[in-house]
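Trainee: The structure that follows is given in the form of structure tokens.
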Amino acid sequence: MDELFGLRNLFYTGSFQQVINEGSSRTSVSESAKLERKIYLYRAYIAQGKHNIVISEIKDSDPIDLRVVKILAVYLQSKSGGQASETKKEEVLKELKEIVSDTANASNATVQIVAGMIYYHEGLFEDALKILVRHNRNLECVALIIQIYLQLDRLDLAKRELAATKTWAEDAMLAQLIEAWVGLRTGGDKYQEAYYIYEEIAQSPSSNTVKVLNGQAVCNIHLGRYPEAESLLLEALNKNNSDPDTLVNLIVVSNLIGKPTEVVNRYITQLKEVAPNHVFLQDLDLKTSLFDRSAQRFALA
Numbered sequence: 004m005d006e007l008f009g010l011r012n013l014f015y016t017g018s019f020q021q022v023i024n025e026g027s028s029r030t031s032v033s034e035s036a037k038l039e040r041k042i043y044l045y046r047a048y049i050a051q052g053k054h055n056i057v058i059s060e061i062k063d064s065d066p067i068d069l070r071v072v073k074i075l076a077v078y079l080q081s082k083s084g085g086q087a088s089e090t091k092k093e094e095v096l097k098e099l100k101e102i103v104s105d106t107a108n109a110s111n112a113t114v115q116i117v118a119g120m121i122y123y124h125e126g127l128f129e130d131a132l133k134i135l136v137r138h139n140r141n142l143e144c145v146a147l148i149i150q151i152y153l154q155l156d157r158l159d160l161a162k163r164e165l166a167a168t169k170t171w172a173e174d175a176m177l178a179q180l181i182e183a184w185v186g187l188r189t190g191g192d193k194y195q196e197a198y199y200i201y202e203e204i205a206q207s208p209s210s211n212t213v214k215v216l217n218g219q220a221v222c223n224i225h226l227g228r229y230p231e232a233e234s235l236l237l238e239a240l241n242k243n244n245s246d247p248d249t250l251v252n253l254i255v256v257s258n259l260i261g262k263p264t265e266v267v268n269r270y271i272t273q274l275k276e277v278a279p280n281h282v283f284l285q286d287l288d289l290k291t292s293l294f295d296r297s298a299q300r301f302a303l304a
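Per the numbering used here, the sequence shown runs over residues 4 to 304.
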């Protein structure tokens, strides 16, 4: 029996407050599950951006599983910017390198996941894959591997990894989500299949989260169902008005529907406030600059 089955699925679907509530409860679990429950508790705090709670509570004497979770919190906090933050980030990367160089640590699932996430954020995909491929049938490691393959535009490798994973984890919720990700990149009939996956997951009230609503919305965008996508995204915005993915998707769908410019600009302004360094904004600034430069060549006298 998997004691943390429900908690794990809550985390995968983005029900982070519920993970915290359940992870903080005194529900009896075995000794082997206590550490993993605590890991998900702290990772849920990190997902909410509450890095200081994690940093202050995890001690140097704690198990390596918790110490690397603290490293993740410090790393993500350091990405806020500034010279001090950059120095802290370099310290984190150095410490992480020392940890994964230890063979015993490199076979630890939490170390693999955290190292994979940090290297992914840094664009060090080769380093991430080197440690992630050592996993022992760990779905989170598979999820990161497939995200990297999709980032590298290697759909063929993502499909191969998915096929191998389905031989041992086809019914798991995270495996279903992974299949939806690959389906969205594949296109065609897979768009509808991906939508059905998200729709089924959303049937549970605890799983009708911002993350799942965005998944459904992206499927609808690909299927050309823009009003349905907008409705889902507005529902997600009501749940969390500072979620960057929701705002990016609202910008996209608002343009597709033909919303007034001031509506689109409002979402862009919101995104700049909550995630000023978001890759979408960086790409938008680049394209705006290129357009302005090109327009100057045709300026009227």
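For each residue, glycine too, the CB sits at the ideal point set by N, CA and C.
1) Ignore the nearest five residues each way along the sequence and tell me which others in E182's own chain have a CB closer than 7 angstroms to its CB.
2) Is DSSP giving R296 helix, strand or coil here?
3) State the DSSP-derived secondary structure class of Q179, mapped to helix, strand or coil.
4) Which residue wins for smallest C-alpha separation from Q21, given the options L44, S31, V57?
5) Could you tell me which of L158, E25, R188 sits nearest to H225, measuring between CA atoms?
6) Quick check on K262: does DSSP put it in helix, strand or coil?
7) Identify whether D156 lies in helix, strand or coil by the three-state DSSP scheme.
8) Under three-state DSSP, which class holds G17?
9) Report all residues from its chain with a CB closer than 8 angstroms to the CB of I3; omit the five preceding and five following residues, and keep chain order.
10) Take the Cβ of A107 as the centre, count every other Cβ of all protein chains shown within 10 Å, and call the residue buried at 16 or more, exposed below.
11) Just list the beta strand (DSSP E) runs in the segment 63-106, keeping only unbroken ones of 3 residues or longer that don't cross its boundaries, in chain order.
12) Can you find the residues in the same chain that come closer than 7 angstroms, C-beta to C-beta, to Y15, ignoring five residues on each side of it along the sequence?
13) Applying the 10 Å Cβ sphere with the 16-neighbour rule, what's the burial state of A167?
14) Going along the chain, which residues of its own chain have a beta-carbon closer than 6 angstroms to the beta-carbon of A197, five neighbours each way excluded?
15) Given a threshold of 16 other Cβ atoms within 10 Å of its Cβ, counted over all protein chains shown, does T264 qualify as buried or as exposed?
16) Taking the C-alpha atoms as reference points, what is the distance between S104 and L127?
17) Can you check whether the CB of L259 is closer than 8 angstroms to the CB of L274?
18) Classify A298 as buried or exposed, calling it buried when 16 or more other Cβ atoms lie within 10 Å of its own Cβ.
19) With DSSP as the reference, label L7 as helix, strand or coil.
20) Roughly how far, in whole angstroms, is the beta-carbon of K214 from the beta-carbon of G17, given that I think they are within contact range, below 8 angstroms?
21) Could you compute how far the alpha carbon of A118 sits from the alpha carbon of V282?
22) So A36 and L69 are in contact, right, with Cβ under 8 angstroms, and what is the actual spacing, rounded?
23) By how many angstroms is the C-alpha of Q115 removed from the C-alpha of S64?
24) Reducing DSSP to helix, strand and coil, say where E196 ends up.
Mentor: According to the structure data:
1) The residue you call residue 182 lines up with position 179 of the sequence shown. Hits under 7 angstroms: L165, I200.
2) Here the question's residue 296 lines up with position 293 in the sequence shown. It is helical.
3) Residue numbering aside, residue 179 sits at position 176 when the sequence shown is read from its first letter. In the structure shown, Q179 sits in a helix (DSSP, three-state: H, G or I).
4) Within the sequence shown, the letter at position 18 stands for residue 21. Of the candidates L44, S31, V57, the residue whose Cα lies closest to the Cα of Q21 is L44.
5) Along the sequence shown, read from residue 1 onward, the residue named residue 225 stands at position 222. H225 has its Cα closest to that of R188, out of L158, E25, R188.
6) Walking along the sequence shown from the start, residue 262 turns up at place 259. The answer is coil: DSSP assigns K262 none of H, G, I, E or B.
7) Counted from its first residue, the sequence shown places residue 156 at position 153. If DSSP states are grouped into helix, strand and coil, D156 belongs with coil.
8) By 1-based counting over the sequence shown, the position of residue 17 is 14. Secondary structure at G17: coil, using DSSP grouped into helix, strand and coil.
9) Absent from the model: residue 3. The displayed extent of the chain is 4 to 304, so no value can be given.
10) Residue 107 sits at position 104 when you count from the first residue of the sequence shown. With fewer than 16 other CB atoms across the displayed protein chains lying within 10 angstroms of its CB, A107 is exposed.
11) Taking only runs of at least 3 residues, no beta strand (DSSP E) segment lies wholly in the segment 63-106.
12) Position 12 of the sequence shown, counting from 1, holds the residue named residue 15. Answer for Y15: M176, L177, L180, listed in chain order.
13) Here residue 167 is taken as the residue at index 164 of the sequence shown, counted from 1. The residue in question, A167, is exposed, as its Cβ has fewer than 16 Cβ neighbours within 10 Å.
14) In the sequence shown, counting from the first residue as 1, residue 197 sits at position 194. Contacts found: A183, G186, L187, C222.
15) Taking the first residue of the sequence shown as position 1, residue 264 is located at position 261. Of the other Cβ atoms in all chains shown, fewer than 16 fall within 10 Å of the Cβ of T264; this residue is therefore exposed.
16) Within the sequence shown, numbered from 1, the residue matching residue 104 stands at position 101. Within the sequence shown, numbered from 1, the residue matching residue 127 stands at position 124. Spanning the two alpha carbons is a distance of roughly 16 angstroms.
17) As a position in the sequence shown, residue 274 is number 271, starting the count at 1. As a position in the sequence shown, residue 259 is number 256, starting the count at 1. Cβ distance not < 8 angstroms, so L274 and L259 don't count as in contact.
18) Here residue 298 is taken as the residue at index 295 of the sequence shown, counted from 1. By the neighbour-count rule (16 or more Cβ atoms within 10 Å), A298 is not buried but exposed.
19) Locating residue 7 in the sequence shown gives position 4, counting from the first residue. Of the three classes helix, strand and coil, the one that applies to L7 here is coil, per DSSP.
20) Indexing the sequence shown from 1 puts residue 214 at position 211. Indexing the sequence shown from 1 puts residue 17 at position 14. A Cβ-Cβ separation of about 3 angstroms places K214 in contact with G17 under the 8 angstroms criterion.
21) Within the sequence shown, residue 118 is the residue found at index 115, counting from 1. Within the sequence shown, residue 282 is the residue found at index 279, counting from 1. Roughly 21 angstroms separates the two Cα atoms.
22) The sequence position of residue 36 within the sequence shown is 33, counting from 1. The sequence position of residue 69 within the sequence shown is 66, counting from 1. Not quite, the Cβ-Cβ distance comes to about 15 angstroms (not below 8 angstroms), so this is no contact.
23) Residue numbering aside, residue 64 sits at position 61 when the sequence shown is read from its first letter. Residue numbering aside, residue 115 sits at position 112 when the sequence shown is read from its first letter. Between S64 and Q115, the C-alpha separation is close to 20 angstroms.
24) Start at 1 with the first residue of the sequence shown, and residue 196 comes out as number 193. E196: helix per DSSP, three-state reduction.
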